[in-house]
Each structure stands twice: as C-alpha cells, then as structure tokens.
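Taken in order, the sequence shown gives residues 87 to 316; the numbers are from my numbering. The next block holds one structure in the form of structure tokens; read it before the comments.
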Amino acid sequence: MRNLVQNLPDPLPLDPMPLASTWLAQAWDEQVQPNPNAMVLATVGEDDRLSSRVVLCKDIVHQPGYLVFYTNYLSRKGHELAARPRAAAVFLWDSMHRQLRIEGVVVRCPASESDDYFASRSWRSRLSACASRQSQPIASRQALVGQLRETAARLGAPDPLTAPADDQEPDFHVPRPADWGGYRLWVDALELWVEGEHRLHDRARWTRELAPMEGGIFQAGAWHHMRLQP
87 MRNLVQNLPD
97 PLPLDPMPLA
107 STWLAQAWDE
117 QVQPNPNAMV
127 LATVGEDDRL
137 SSRVVLCKDI
147 VHQPGYLVFY
157 TNYLSRKGHE
167 LAARPRAAAV
177 FLWDSMHRQL
187 RIEGVVVRCP
197 ASESDDYFAS
207 RSWRSRLSAC
217 ASRQSQPIAS
227 RQALVGQLRE
237 TAARLGAPDP
247 LTAPADDQEP
257 DFHVPRPADW
267 GGYRLWVDAL
277 ELWVEGEHRL
287 HDRARWTREL
297 APMEGGIFQA
307 GAWHHMRLQP
C-alpha cells in the first residue's frame, strides 16, 4: 500500500487560497516534476468550442485571491479570453497525490507588471516572444527560425542560435511586445483533491462571489465551502 499524503484539514479552512499557495510552493521546492507550476488552462471561444493547453502559473496571490500567467494576447487563448473572460485551470502533482482545480474571471495584468516579468526572462526567450506570432500558421520550421533571426538582427541582438551559451546579458534592449503580457485569473471557485487509499479520495470545494471594480480588480465576498464525495 502506498504511503499517501495527509487528508485535507477537518474542519476545512474558511479561505482555501493559502493552502493552494502552499501546495504550489511545496511542489516547486521538492521539484516533483520538470515544471511543478504547469497547469492546464481551459477557455471557450465565441463559437462555444472549448480548448485547453498547458501554461505556467507564475504566482498564486492568495490575498486577494488570483493566479498569474503570461502569454501572447493575440494567441487563440488570448482571443477567447477577450471574447469570454473566464477560464478554468487544473494542476496535477501526481507524485504528491494532489490536484488543484480553479475557476474564475480573467483580466489582463497591469502593463508595468508585464514589463517587469518580461525583463526578467532570458534574452533568448524575449527574442522568441517578439519573433513568434503565436497560434498563426507558418510554412516551415526553417521559416520560423528565419523569423527569429530577422527579429534579432532588427533589434541589434546576436544570433540566438549561435551565440555562446553563457549567462552574460548582451548589450541590447528587447522591448516587450504590445501583444504579449500577463493575465490574472481571479478565483471564484476552487477545489482541492487528495488521493486516498482504495480510491476513497478527499475532496472539497470553495466558492465566492466577485464584484467588479475599476482597474481590473474585484471585491470578493466570503468563501463558502463543502466537502464532496469522490
């Protein structure tokens, strides 16, 4: 019999966000998988078709209660979020026997926040973000490589595919593209799941109301929670 992790607290916490943040931090500290912050993000387009993909969660801000991810605003998910600004996300930490599900309203991060994160990325990653027209068709891999090299030349950067692989930052500036930045997924529903022996899993769900305010923030109501049968 496997030694499974401890069940959810009993009684359940009134606010689930600190525990969700702790789970992510533990997965990161223990490096339980190559990308412990990977989550499946699901969105819906104007045509009512669902789509999902894996993105990296860069932060869980447990107060006031949102998570942060970055992408191209003109990608498929960007267009879908512009049309219907809600999303669902799920983290699976299989080796820790834990799953975290989140639903909520999505808004763009402040531009200054996106600028700071973009500047923290490696210069090669910044060039790739500038060169790629995410989700758009391209004729070949060779054409994509050519697009990257053209972007590097335009910005006065070395060839990112042949430059020495060291930690030195070349002396040039890669501005954040206007169509690239962050999103905040404001949580209005959250579910924690812990694997149990004989498939008697431990599962609980929290919900709250979000009232929109100016500046892309929300006034959050009190959490309501319930334990769920597996």
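Note that the Cβ used here is the ideal one computed from N, Cα and C, for glycine as well.
Best match in the options for proximity to residue i [C-alpha to C-alpha]
i      : options                           : result
Thr237 : His310, Leu167, Asp145 and Phe258 : Phe258
Ala239 : Arg210, Ser221 and Gly267         : Arg210
Gly232 : Leu142, Ala217 and Met103         : Ala217
Ile146 : Ala249, His165 and Leu276         : Leu276
Val141 : Gly131, Arg219, Gln149 and Leu153 : Leu153
Thr248 : Gly131, Glu281, Ser221 and Leu234 : Leu234
Lys144 : Leu296, Gly268 and His311         : Gly268
Arg194 : Arg172, Arg184 and Gln185         : Arg172
Pro120 : Glu132, Glu281, Leu105 and Ser181 : Ser181
Arg184 : Gly164, Gly151, Leu105 and Asn158 : Leu105
Arg170 : Gln117, Pro150 and Val130         : Val130
Start and end residues, alpha helix (DSSP H) containing residue i
i      : result
His165 : Arg162 to Ala169
Pro104 : Met103 to Glu116
Residue i to residue j span [Cα, whole Å]
i      : j      : result
Glu300 : Ser226 : 44 angstroms
Pro316 : Asp288 : 7 angstroms
Gln305 : Arg294 : 10 angstroms
Pro298 : Asp134 : 24 angstroms
Ser137 : Ala128 : 6 angstroms
Pro122 : Ser107 : 12 angstroms
Pro99  : Leu314 : 15 angstroms
Ala290 : Trp109 : 15 angstroms
Ala309 : Asp101 : Inspection of the sequence shows that residue 309 is occupied by Trp rather than by Ala. C-alpha separation (whole angstroms): 6 angstroms.
Ala243 : Tyr156 : 23 angstroms
Trp266 : Ser208 : 15 angstroms
Val126 : Glu166 : 15 angstroms
Boundaries (first-last residue) of the beta strand (DSSP E) holding residue i
i      : result
Phe258 : Per DSSP, Phe258 belongs to no beta strand (DSSP E) and is neither H nor E.
Gly151 : Counting along the chain, Gly151 falls outside any beta strand (DSSP E), and DSSP gives it neither H nor E.
Tyr269 : Trp266 to Val280
Integer Cβ distance of residue i from residue j, believed to fall under 8 angstroms
i      : j      : result
Ser200 : Arg262 : 6 angstroms
At a cut of 8 angstroms, does the stretch 266 to 277 reach the stretch 182 to 202 through at least three beta carbon pairs? Contact between the stretch 266 to 277 and the stretch 182 to 202 is present, because at least three Cβ pairs lie under 8 angstroms.
Pair every Cβ in the stretch 170 to 187 with every Cβ in the stretch 113 to 122, then say whether three or more of these pairs are closer than 8 angstroms. yes
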